[in-house]
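The structure under discussion appears below in the form of structure tokens.
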Amino acid sequence: MFAPDEELAQWNAALPSSEGAARLTLLAQLAWHSRQRDPARAQGWAAEAAPLLAALAEAQRFPVQARLELVGAEAHWLAGALDAAQGQAEHALGLFEHCADPRGRADAHWLLAWIANDRGDPGGGAAALASAAAGARAAGDPLRADVIDAAAAIFDVFGDVHSATARWGQRFAAEPDPAQPVAAGWISDYHGTRAFQASDYGRAIGHLMHSYEAAMGSGQRRRAIIVATNIGNAFTSLNAHDAALEWMQRGLDLARPTGWPLSIGLCLMQTAETLRQLGQREAAQGLLREALHTLAPLAGSRAYAIALEYQGDLALDLGNYNAALDSFARLGERGDALRQSDFQSSARRGQAHALSQLDRPADALAVANTALALACEHGDASNQIAALSVLARIHARHRLAPPADMAAPNAVLHYLQLALATAATIDGYAVPGALLDAAAREHAAIGDYATAYQIALQASAARDQTHSQQATNRAIAMQVQYQTERAQTEGEHHRQLAAAEAQRAEVLQQTSATLQHLSAIGQEITAHLDAAAVFRALDRHVHGLLDATHFSIFLLEPDGQSLRCAFGVEAGKPLPAIRFALSDPKANSARCVRERRELLIELAADGATPNLIPGTLPTLTLLFAPLRVGERVLGAMTVQSLHASAYGDRDRLIFRTLCAYGAIALDNAAAYRQVEATLKTLSATQEQLLEKNLELERAYKALEEVSLTDQLTGLRNRRFFLQHVDTDVAMSLRRYDQGARADGAEREQMLDKDLVFFMVDLDHFKEVNDRYGHAAGDSILVQMQERLREVFRESDYLIRWGGEEFLVLARATHRDEAKVVAERIRCAVADRPFELADGATLAKTCSIGFACFPFLPAQARLLTWSQVVELADQGLYIAKRSGRNAWAALYATELARPDGLFPRLMQQLDQAVAEGEVRLVTNLTGPLALGGERRRVGLSSDLEA
47 MFAPDEELAQ WNAALPSSEG AARLTLLAQL AWHSRQRDPA RAQGWAAEAA PLLAALAEAQ
107 RFPVQARLEL VGAEAHWLAG ALDAAQGQAE HALGLFEHCA DPRGRADAHW LLAWIANDRG
167 DPGGGAAALA SAAAGARAAG DPLRADVIDA AAAIFDVFGD VHSATARWGQ RFAAEPDPAQ
227 PVAAGWISDY HGTRAFQASD YGRAIGHLMH SYEAAMGSGQ RRRAIIVATN IGNAFTSLNA
287 HDAALEWMQR GLDLARPTGW PLSIGLCLMQ TAETLRQLGQ REAAQGLLRE ALHTLAPLAG
347 SRAYAIALEY QGDLALDLGN YNAALDSFAR LGERGDALRQ SDFQSSARRG QAHALSQLDR
407 PADALAVANT ALALACEHGD ASNQIAALSV LARIHARHRL APPADMAAPN AVLHYLQLAL
467 ATAATIDGYA VPGALLDAAA REHAAIGDYA TAYQIALQAS AARDQTHSQQ ATNRAIAMQV
527 QYQTERAQTE GEHHRQLAAA EAQRAEVLQQ TSATLQHLSA IGQEITAHLD AAAVFRALDR
587 HVHGLLDATH FSIFLLEPDG QSLRCAFGVE AGKPLPAIRF ALSDPKANSA RCVRERRELL
647 IELAADGATP NLIPGTLPTL TLLFAPLRVG ERVLGAMTVQ SLHASAYGDR DRLIFRTLCA
707 YGAIALDNAA AYRQVEATLK TLSATQEQLL EKNLELERAY KALEEVSLTD QLTGLRNRRF
767 FLQHVDTDVA MSLRRYDQGA RADGAEREQM LDKDLVFFMV DLDHFKEVND RYGHAAGDSI
827 LVQMQERLRE VFRESDYLIR WGGEEFLVLA RATHRDEAKV VAERIRCAVA DRPFELADGA
887 TLAKTCSIGF ACFPFLPAQA RLLTWSQVVE LADQGLYIAK RSGRNAWAAL YATELARPDG
947 LFPRLMQQLD QAVAEGEVRL VTNLTGPLAL GGERRRVGLS SDLEA
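Here the numbering used here is used: the first residue of the sequence shown is 47, the next is one more, and so on.
And the structure:
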């Protein structure tokens, strides 16, 4: 079924010197075993073999003809043309049955099984595999039977892993025989797929890597692509996204050049899912859209069903719950049609999530319980975790009766604890940060802050592991690495060709002392880059080494349909320019090119010369040889003598060698002409390209500036802030680290290097829009940014945060001076009225909250910058609730307790103030409102800790 690379190389090397039946056998073997390595070349070999079939008897012809039919059928299947593939495969099957070839029947049924699989017809695929196995056993071919049985076992695993294990568990050894790499590869694929479906991802990866190596070494390119993406999927299931992206890249690098829709679509969608889990939703959406478009002709396949699942999960992430419900409903239909339990469970889990978000709690709960039951029934730990997480989400969102077996304080914690317990049973599994975050929030909600804090730390560590910079860089570097590796591969290929040519030259030199002279001649001939010089050198050496009354060179025209005499000399005189059609049955030069082989024609001295060209001498010995460079034929060269039997083995060897050198020299000359023309064109357009590059660079810089700027106010936007804040925070922390090692005076200087976050909000801004219109509101926002610029330095970050709200990061600022800056902001707004377009003026005030980073100088890393922004927002809402036109801030004191400090400040602020953990700094003199609901700034997930 599949030959190793070494055998293919041997057949390829033997092909040029083969003729007749031996050549047909080699062509058929090369076409069959190259059907996935290089389908176009396989088709070319099949086409070359087809005319040679006529020389065989029917009993010999039909098996070879059927095998060549299967080559074409497989090419259609790989290209996604399933109807054409099935028709051609069934025709080949009929030929195999006619000539009673059981091995051929097995191979035809094998292909029909995969066609049925891509149609989404599991019953038809299983039946075809059963017929294939029967054919292999009838042929006495146990290795074929092993491969086919392993594929059938893989089909069964996707339906029900327990039933598949019961049926096939004793059929295959745990460690396949390495002496049979093809069968061992498929058996390893079965073991790996079974382990994957049982959520034993580490074991699955080990088996699948063996399968990948076997597929690559035996020309099973599509299988190698699928296995590479399955390995990546297993790493994704372990939340090892760096390794996942590496294997996705391998699969995509193999798939892209082929144009095969299923292979490319599978790689694209698996990469999209990994990027989704890394939080790169926009990139994931683009890849997934391309994957679904590519897989559209194969909508019945398992790959398309996987893409539907990923589409549904992405829609959930984006908050498009109706679209998610539709995707998971379609997935459920495909899962039921394919009778594959993982899709059935995943579809119901996704539907439950979407139904809950659409406020249909009863339906959501029923469907989620069904998803959990299916996952438990089939031992699918991964889908159990997903279903339990959704059940927790449903109970958190809706008031529902708790489960009967609940032992935890509430239903949400009950399901989250079950999910974490299930995750602990999976070797090598990294628990997602989102699951740990949810558990931490629930423990905090019931007052168990110590447990909440510990789980929050685990969540942070898990998130750091999952979203590593290395994984992100891997996603960006995929295309660059692909191009680099391809160049390296091509370089190695050329080195191998050079080595093979050197070895061939060495063998030729050992054949005869004459070849030493030919080598020098070859160097001279191939040194020329002008075709006319090559012709003259060949003419001189042909006449010096051979009996050559007539010498001519015929070259193929660009249309590939005719030959012209590019150079010809007979008896010292130039020959007239002549031209032949390549199909001309009387022209020996055309026949030499068509058959791509040497021709020796010897005529009787007293007979007439057939096909004599008018104006030429009636030569008796005619030797023709093709001018070949690799697989390409440039034309033909002929030498002819007036004597009978003029050319023996030595003469033919000399002529063959001169032809080889001539072909290389003429090919080089043609390439040189093409390069010269290209260089002229490039020179003419180089200046234009440089100018275009400069224009593109200017446009890119302008676009980058626009993307970082608020278009109304001209201030920077959130994107700019999030790109730069981490650098300033890191610098601040380094200064504090240095201060910890310094004396008292230097440590005091560190206070001048704090970061202060100001949240500024215009009071009653909605009334402006309602009463005066949005144009007036926009005018006030523009004037607001002018007043902020008056207060702050150019080095500070002024950010339009959203609506009428602004965020300012004052850099290298003494924390005790922050209140002075806050008062300047308040006065800049309250003391001067705002001017409207009609000349009217409008008095407005603002409220300000601020907080310093580090919040607790003694433990600079205790709170993140995003938590400090939350505290500034807390100060803003104290100012809002306590009267407006004011500012307020929280400062940590020496009594602040580090453990659980942030949750206490967010949820029990009045108690923290009363106990002296923080002091409230404000210009307000009346009672302060410290309670009440407050919206979230929404910077990062650590705000929920």
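Glycine residues also receive a C-beta, built at the ideal position from the N, C-alpha and C atoms. Since this is a predicted model, take the numbers as computed values, not measurements.
(request) Along the alpha helix (DSSP H) that carries residue 587, what are the first and last residues, could you check? (result) Here the alpha helix (DSSP H) through residue 587 covers 577-591.
(message) Taking 8 Å as the limit between beta carbons, can you name the residues of its chain near residue 925, skipping five residues before and five after?
(response) Setting aside the 5 residues that flank it on each side, residue 925 is surrounded in the same chain by 893, 894, 895, 932, 933, 934, 968, 970, each with a C-beta closer than 8 Å to its C-beta; the list follows chain order.
(message) Does residue 865 pass the burial test, meaning 16 or more other C-beta atoms within 10 Å, or should it be called exposed?
(response) So residue 865 counts as buried.
(request) Could you tell me how far apart the beta carbons of residue 190 and residue 152 are, in whole angstroms, since I believe they sit closer than 8 Å? (result) Between residue 190 and residue 152 the beta-carbon gap is near 6 Å, inside 8 Å, which marks them as a contact.
(message) I need the straight-line Cα distance from residue 675 to residue 570, nearest angstrom please.
(response) Cα to Cα, the separation comes out at about 18 Å.
(message) I need the boundaries of the beta strand (DSSP E) containing residue 672, first residue and last residue.
(response) Note, residue 672: beta strand (DSSP E), 667-675.
(message) Once DSSP output is grouped into helix, strand and coil, what is the label at residue 687?
(response) In the three-state reduction of the DSSP assignment, residue 687 falls in the strand class, which pools E and B.
(request) Tell me residue 213's beta-bridge partners as DSSP assigns them. (result) DSSP output for residue 213 lists no bridge partner at all.
(message) Given a cut-off of 7 Å on the beta-carbon distance, is the pair residue 453 and residue 433 in contact?
(response) Taking C-beta atoms as the reference points, residue 453 and residue 433 fail to come closer than 7 Å.
(request) Just tell me which of 860, 89, 843, 451 has its CA closest to the CA of residue 852. (result) The shortest C-alpha separation from residue 852 is found at 843.
(request) With residue 47 as the anchor, note down where its beta strand (DSSP E) starts and where it stops. (result) For residue 47, no beta strand (DSSP E) segment is defined, and its DSSP state is neither H nor E.
(message) Please return the same chain residues whose Cβ sits closer than 6 Å to the Cβ of residue 167, not counting the five positions on each side in sequence.
(response) Contacts found: none.
(message) Buried or exposed, going by whether 16 or more other CB atoms sit within 10 Å of the CB of residue 972?
(response) Counting the other CB atoms within 10 Å of its CB gives residue 972 a total below 16, which places it among the exposed residues.
(message) Give me the DSSP bridge partner(s) of residue 619.
(response) 616, per the DSSP bridge assignment.
(request) Report, in whole angstroms, the separation of the C-beta atoms of residue 138 and residue 116, which I expect to be a contact under 8 Å. (result) By a beta-carbon distance limit of 8 Å, residue 138 contacts residue 116. Their separation comes to about 5 Å.
(request) Alpha carbon to alpha carbon, how far is residue 125 from residue 984? Give it in angstroms, no decimals. (result) Its pLDDT being 49, under 50, residue 984 is placed unreliably in this model, and the coordinates cannot settle the point.
(request) Starting from the Cα of residue 242, find the closest Cα among 200, 335, 103, 349 and give me that residue. (result) Nearest of 200, 335, 103, 349 to residue 242, Cα basis: 200.
(request) Keeping to the same chain, check which residues put their C-beta closer than 6 Å to that of residue 148; ignore five residues upstream and five downstream. (result) Excluding positions up to five away in sequence, the list reads 181, 184, 185.
(request) Taking only the alpha-carbon atoms, compute the straight-line gap between residue 404 and residue 816 and give it to the nearest angstrom. (result) Counting only the Cα atoms, residue 816 lies some 31 Å from residue 404.
(request) Count the other C-beta atoms from every protein chain shown that fall within 10 angstroms of the C-beta of residue 890, then say buried if there are 16 or more, exposed otherwise. (result) Residue 890 comes out buried.
(message) Looking at the strands, I want to know which residues DSSP matches up with residue 128.
(response) Residue 128 is not bridged to any residue.
(request) Measure the alpha-carbon distance for residue 382 versus residue 456 and round it to whole angstroms. (result) The alpha-carbon separation between residue 382 and residue 456 amounts to approximately 34 Å.
(request) Can you say whether residue 731 is buried or exposed, counting buried as having 16 or more other CB atoms within 10 angstroms of its CB? (result) Using a 10 angstroms sphere on the CB of residue 731, the tally of other CB atoms stays under 16, which defines it as exposed.
(request) Tell me residue 898's beta-bridge partners as DSSP assigns them. (result) Bridge partners of residue 898: 802.
(request) Could you tell me if residue 873 is buried or exposed, where buried requires 16 or more neighbouring beta carbons within 10 angstroms of its beta carbon? (result) Label assigned to residue 873: exposed.
(request) Give me the Cα-Cα distance between residue 590 and residue 734, rounded to the nearest whole angstrom. (result) Whole-angstrom Cα-Cα distance: 53 Å.
(request) Under 8 Å by Cβ, that's how I've got residue 936 and residue 897 pegged, so tell me the actual separation to the nearest angstrom. (result) Approximately 6 Å separates the beta-carbon atoms of residue 936 and residue 897; this is inside 8 Å, confirming the contact.
(message) Which same chain residues end up closer than 7 Å to residue 283 when comparing Cβ atoms and leaving out the 5 residues on each side of it in sequence?
(response) If we look at residue 283 and ignore the five residues flanking it on each side, its Cβ neighbours are 247, 428.
(request) Tell me residue 877's beta-bridge partners as DSSP assigns them. (result) In DSSP, residue 877 forms no bridge with anything.
(message) Rounded to whole angstroms, what is the Cα-Cα separation between residue 525 and residue 295?
(response) Caution applies to residue 525, whose pLDDT of 36 falls short of 50 and renders its modelled position unreliable; the value that the coordinates give is listed next. Each residue's Cα considered, the two are about 9 Å apart.
(request) Please classify residue 984: does DSSP put it in a helix, a strand, or coil? (result) Confidence at residue 984 is low in this model, with a pLDDT of 49, below 50, so its placement is unreliable and no value can be given for it.
(message) For residue 643, which residues in the same chain have their Cβ closer than 8 Å to its Cβ, ignoring the five residues on either side in sequence?
(response) For residue 643, same chain residues with a beta-carbon under 8 Å away, outside a window of 5 residues either side, are 65, 672 in chain order.
(request) Just tell me which of 859, 496, 610 has its CA closest to the CA of residue 801. (result) The shortest Cα separation from residue 801 among 859, 496, 610 belongs to 859.
(request) Give the range of the beta strand (DSSP E) segment to which residue 648 is assigned. (result) Going by DSSP, residue 648 is part of the beta strand (DSSP E) stretching over 645-648.
(request) Would you mind stating whether residue 328 and residue 314 have Cβ atoms separated by less than 7 Å? (result) At a Cβ-Cβ threshold of 7 Å, residue 328 and residue 314 do not count as neighbours.
(request) Let me know the secondary structure DSSP gives residue 306 once reduced to three states. (result) In the structure shown, residue 306 sits in coil (DSSP, three-state: anything other than H, G, I, E or B).
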